[in-house]
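S.K.: In the numbering used here, the protein residues as written are 86 to 347.
Cβ atoms here follow ideal geometry from the backbone N, Cα and C, with glycine treated the same way.
For clarity, every value in this text was computed on a predicted model and none was experimentally measured.
I have a structure I would like to understand better, so I am pasting it below and will then ask my questions one at a time.
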């Protein structure tokens with residue numbers, strides 16, 4: 086639940102509390118965004134990527150020694166679940182502080198019908214609500230980090246835009262921020278850059294017009310993601326994903342009805 090307060094300078098900014106039903110709707114929407122709520126998709130390895138994507142949020146899990154541009158999130162999810170008393174499958178509990186056991190997509194696919202993979206899918210299905218809470222709390226933790234990353238003179242405007250969006254067309258504004266941080270990160274990681282330019286929430290907030298509307302947020306995110314595709318290494322062929330990313334951005338608008346019909 087988003088219920089804590091964030092102290093920024095002398096201002097106290099409170100994020101609204103998500104009810105259990107709103108949190109469930111959020112999780113269902115993200116599950117739909119990532120893989121159309123298909124059970125088998127809870128454990129997947131997309132073609133063209135070098136890592137598996139797990140859970141309703143397609144959390145990334147790297148193998149030993151792997152260095153990538155994108156933030157690894159699956160180990161943090163496991164830690165979050167264990168701290169809240171969620172029992173992991175025995176083999177996964179033993180590996181919770183370790184690395185992904187699969188060294189290639191081919192090896193991963195070959196194991197897709199194994200007992201361990203079946204246990205992993207069921208565990209990820211059963212823990213959907215907790216995964217939703219983990220995703221929501223990532224936004225809560227991001228605000229002070231976002232503000233600390235910009236010059237002091239720009240912090241009041243950045244916070245104003247952030248909080249204006251949080252309170253726009255509830256719960257859509259909050260959903261847009263939660264999903265974007267989960268989807269493309271906060272924009273703070275120096276590694277998540279192509280040609281020196283990031284694509285996270287910070288970049289979207291900074292480039293959107295002063296009016297903090299959801300339409301402006303979506304337009305800014307579209308521009309930031311289009312720039313990412315243009316800057317990406319040609320071998321990644323990121324153009325193939327842009328249409329799907331744009332469709333996801335449209336779910337942030339109340340007219341989409343996405344939170345009622347994920």
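#1: When the distance is taken between beta carbons, is residue 337 closer than 7 Å to residue 303?
#2: What first and last residue would you give for the alpha helix (DSSP H) that runs through residue 258?
#3: Is it buried or exposed for residue 393, if we count other Cβ within 10 angstroms and need 16 for buried?
#4: Suppose the cutoff is 6 Å on Cβ atoms and the five residues either side in sequence are ignored; what does the same chain contact list for residue 224 look like?
#5: Please classify residue 130 as buried or exposed, where buried requires at least 16 other C-beta atoms within 10 Å of its C-beta.
#6: Just to confirm, is the Cβ distance from residue 112 to residue 246 under 7 Å?
#7: Starting from residue 191, trace the alpha helix (DSSP H) in both directions and tell me its first and last residue.
#8: Quick one: measure Cβ to Cβ for residue 341 and residue 327, integer angstroms, because I've assumed they're closer than 8 Å.
#9: Compute the Euclidean distance between the alpha carbons of residue 296 and residue 251, then round it to the nearest angstrom.
#10: Would you list the one or two residues that DSSP bridges to residue 219?
#11: Just the Cα atoms here: how many angstroms apart are residue 269 and residue 259?
#12: Kindly indicate the opening and closing residues of the alpha helix (DSSP H) around residue 208.
#13: Rounded to whole angstroms, what is the Cα-Cα separation between residue 103 and residue 178?
#14: Does DSSP put residue 292 in a helix, in a strand, or in coil?
#15: For a test of the three-state rule: what should DSSP assign to residue 139, helix, strand or coil?
#16: Can you tell me where the alpha helix (DSSP H) holding residue 313 begins and where it ends?
#17: Suppose the cutoff is 6 Å on Cβ atoms and the five residues either side in sequence are ignored; what does the same chain contact list for residue 157 look like?
#18: May I have the straight-line CA-CA distance separating residue 276 from residue 155, to the nearest angstrom?
#19: Assuming residue 186 is part of the alpha helix (DSSP H), what are its boundary residues?
#20: Straight-line CA distance for residue 216 to residue 206?
#21: Would DSSP call residue 122 helix, strand or coil?
#22: Judging by CA-CA distance, which residue of 243, 256, 134 and 227 is the nearest neighbour of residue 105?
#23: Please confirm whether residue 240 and residue 232 have their CB atoms less than 7 Å apart.
#24: Let me check understanding here. Comparing Cα to Cα, which of 208, 197 and 183 lies closest to residue 140?
M.R.: In terms of the structure at hand:
#1: yes
#2: 257-269
#3: Because the chain spans 86 through 347 in this model, residue 393 falls outside it and cannot be assessed.
#4: 262, 263 and 266
#5: buried
#6: no
#7: 190-195
#8: The Cβ separation is near 18 Å, so there is no contact.
#9: 13 Å
#10: BP columns for residue 219 are empty, so no partner.
#11: 15 Å
#12: 200-211
#13: 30 Å
#14: helix
#15: strand
#16: 299-316
#17: 145 and 147
#18: 7 Å
#19: No alpha helix (DSSP H) holds residue 186; DSSP gives it neither H nor E.
#20: 13 Å
#21: coil
#22: 256
#23: yes
#24: 208
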